[in-house]
Amino acid sequence: MSELFVITPLKWTPAVYGPEEVRQTSAILQFTVNNRLVTRVDNDWTRVVDKTVCLSAYPLALWLVSSWWRLHWEPVPAGIPNIEWRIAHEMGSAGHGFLWPPVRFESDGEMVTVHCTPSSAESNEPIRYLNRLHESIPSAEFTKGIVDFIQIVIDRLDSVGIQDTELHTLWREVGGERTNPKTASYRKMEALLGFDPDEGPETIVDTLLNLSMAVGDAAVAEIAASTSSPLHLNQVLESARSAGLQGNLSGIYALMPQATWCHYTTATPWDRGRDLARTVRQHLSLYSAPVSNRLLSDILGLEERGLADGDAPMAGTDLSLAIKSEEGDQVNLLFRRKRPNGRRFEVARWMADVLLSSAQDRWLPATNAKTARQKVQRAFAAEFLSPIDALKTYLDNDLADEDRIEEAGGYFGVSPLTVRSQLVNHGLVPWNVIGNGSTPRDSWLEEWEKVKA
-5 MSELFVITPL
5 KWTPAVYGPE
15 EVRQTSAILQ
25 FTVNNRLVTR
35 VDNDWTRVVD
45 KTVCLSAYPL
55 ALWLVSSWWR
65 LHWEPVPAGI
75 PNIEWRIAHE
85 MGSAGHGFLW
95 PPVRFESDGE
105 MVTVHCTPSS
115 AESNEPIRYL
125 NRLHESIPSA
135 EFTKGIVDFI
145 QIVIDRLDSV
155 GIQDTELHTL
165 WREVGGERTN
175 PKTASYRKME
185 ALLGFDPDEG
195 PETIVDTLLN
205 LSMAVGDAAV
215 AEIAASTSSP
225 LHLNQVLESA
235 RSAGLQGNLS
245 GIYALMPQAT
255 WCHYTTATPW
265 DRGRDLARTV
275 RQHLSLYSAP
285 VSNRLLSDIL
295 GLEERGLADG
305 DAPMAGTDLS
315 LAIKSEEGDQ
325 VNLLFRRKRP
335 NGRRFEVARW
345 MADVLLSSAQ
355 DRWLPATNAK
365 TARQKVQRAF
375 AAEFLSPIDA
385 LKTYLDNDLA
395 DEDRIEEAGG
405 YFGVSPLTVR
415 SQLVNHGLVP
425 WNVIGNGSTP
435 RDSWLEEWEK
445 VKA
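Dropping the structure here:
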């Protein structure tokens, strides 16, 4: 039994109204993540603040089974999630008229992050959820917790003589799919593309599965997670045939011993990326110095002018791509960005991917998707090009000076957004005052002064 993700019916309390399977699975429920309570509520009916809530377990179990593949594999989109994504990932979609915890599940393929927000202070509902939490757990623990809960609900149904419900049927189907490697791969691909089972376009799913046999399962999964439409996928596949810049991976392969330990998934993707970047910088004796274009070019076997303004074969897509040759260490680099800072960041992301990806992956995509692999890439690139300690020294702790941030970006050869993101991701600047262009500079500085006070 999982101890990190636990939904427990503490006591069955059969209800009077509703379908029999819903009535007989009414229960006092407690829900914890990483030992933090989700079901802490202000209950108008009992007039107490409680650690449990009365709900029916059946609708929740049915929703968890129906959303199984998407909950486990579909990352949160880069923009605002659409209604289809929210139905598959927000607990309120369990429906049946119950006041479910305001919980959202976000998977990156390795970890599942559970977001819970308190009910509005102005809410007139008789049950108001009180706790705010943002907890990440390994996907395996998430799976265990769901399996345990579903089995408890099915056992309850069987014990009261309710059999062959929709939950029984769907759970048997999901169980069969999970144990069949071919079917599981198909369902995973559908989920990565943002579709429910049997709703993914067959031609697109088959195209990606066939491609995975040639260029690597994990690589194609990353492309699927970033694919927004059939047109976008066609653009990616067409652009992948382009002649990009030719490089050589021998310089990165020489760094492999520094990356061996980073294959383990005990740390978060962000931590693995940063730690690998620090290790590589130390190996290259960079210390706090910026990474020159010459060094980046040498590592990837490029001519230095390749990092200057240049062609970007993947500009019409949401990813850049490095394609390893079938033999030897040659690599075809297909940039998405045209400007030098963007190209430097892409090269650094490819470095991380070469060091940490499977040898079977011939394609190395750098995408906008919020998967674990992309998080590692972005964290590595940010720390390798603009290490946080050197960045703080350069800024002299004047973290809200926009001019200094612009200068720091120029000094380290990264965008100002990368500088701000480094400050935010290390807890030096609150995320809501990142100042990414959507907030006027004066307002940002004013908000920062409030936070400091």
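As numbered in my numbering, residues -5 to 447 make up the sequence shown, in order. The beta carbon of each residue, even a glycine, is placed where N, CA and C say it ideally should be. Quick caveat, the model's predicted, so the values are computed rather than measured.
Counterpart residues of residue i in DSSP-defined beta bridges
i      : result
Trp357 : Ile317
Pro132 : Met105
Val35  : Asp44 and Tyr123
Arg30  : Val27
Simplified DSSP state of residue i, which is helix, strand or coil
i      : result
Arg150 : helix
Leu127 : strand
Gln240 : strand
Asp383 : helix
Glu84  : strand
Arg235 : coil
Arg275 : helix
Asn430 : With a pLDDT of 43 at Asn430, under the threshold of 50, the modelled position of this residue cannot be trusted; read the value that follows with caution. Three-state DSSP puts Asn430 in coil, outside helix and strand.
First through last residue of the beta strand (DSSP E) which encompasses residue i
i      : result
Trp6   : Phe(-1) to Trp6
Glu100 : Val97 to Ser101
Arg122 : Ile121 to Tyr123
Ser50  : Val47 to Ser50
Gln324 : Gln324 to Leu328
Own chain residues within Cβ distance below 8 Å of residue i, not counting five before or after
i      : result
Leu31  : Gln24, Phe25, Lys45 and Asn125
Leu164 : Leu56, Val59 and Ser60
Leu379 : Pro284, Val285, Arg338, Phe339, Ala342, Phe406, Gly407, Val408 and Thr412
Lys444 : With a pLDDT of only 42 at Lys444, under 50, the local geometry of the prediction cannot be trusted, and no value is derived from it.
Among the options, the one whose alpha carbon lies nearest that of residue i
i      : options                           : result
Arg166 : Arg150, Pro224, Ala376 and Ile144 : Ile144
Thr19  : Asp265, His83, Trp39 and His90    : His90
His128 : Trp63, Val214, Val70 and Val27    : Val27
Thr107 : His83, Ala88 and Glu119           : His83
Ala394 : Arg372, Gly304, Gly139 and Leu417 : Leu417
Asn419 : Ile140, Leu385, Lys182 and Ala360 : Leu385
Leu93  : Glu68, Leu54 and Trp63            : Leu54
Trp62  : Pro191, Pro8, Thr173 and Glu116   : Pro191
Asn29  : Thr2, Asp38 and Glu(-3)           : Glu(-3)
Ala402 : Tyr388, Tyr123 and Ser415         : Tyr388
Arg288 : Arg414, Val43 and Ala302          : Ala302
Phe329 : Leu313, Glu135 and Gly73          : Leu313
Asp292 : Leu315, Asn335, Lys318 and Ser244 : Ser244
Sequence-distant residues of the same chain with beta carbon closer than 7 Å to residue i, five excluded per side
i      : result
Val47  : Leu23, Thr33, Val35 and Ile121
Pro224 : Pro195 and Ile198
Leu296 : Leu239 and Gly241
Start-to-end residues for the alpha helix (DSSP H) that takes in residue i
i      : result
Phe25  : Careful: Phe25 lies outside any alpha helix (DSSP H), inside the beta strand (DSSP E) at Ser20 to Val27.
Pro69  : From DSSP, Pro69 is part of no alpha helix (DSSP H); its letter is neither H nor E.
Arg333 : Here Arg333 belongs to no alpha helix (DSSP H), and DSSP marks it neither H nor E.
Val199 : Glu196 to Val209
Pro112 : Careful: Pro112 lies outside any alpha helix (DSSP H) and carries neither H nor E.
Trp165 : Glu160 to Thr173
Chain-order list of residues whose beta-carbon lies under 6 Å from that of residue i (same chain, five-residue window excluded)
i      : result
Ala366 : Asp102, Gly103, Glu104 and Pro263
Met345 : Ile246
Ala375 : Phe339, Ala342 and Arg343
Ser437 : Residue placement at Ser437 is flagged as unreliable, the pLDDT there being 39, under the threshold of 50; a coordinate-derived value is accordingly withheld.
Leu231 : none
Leu65  : Phe99
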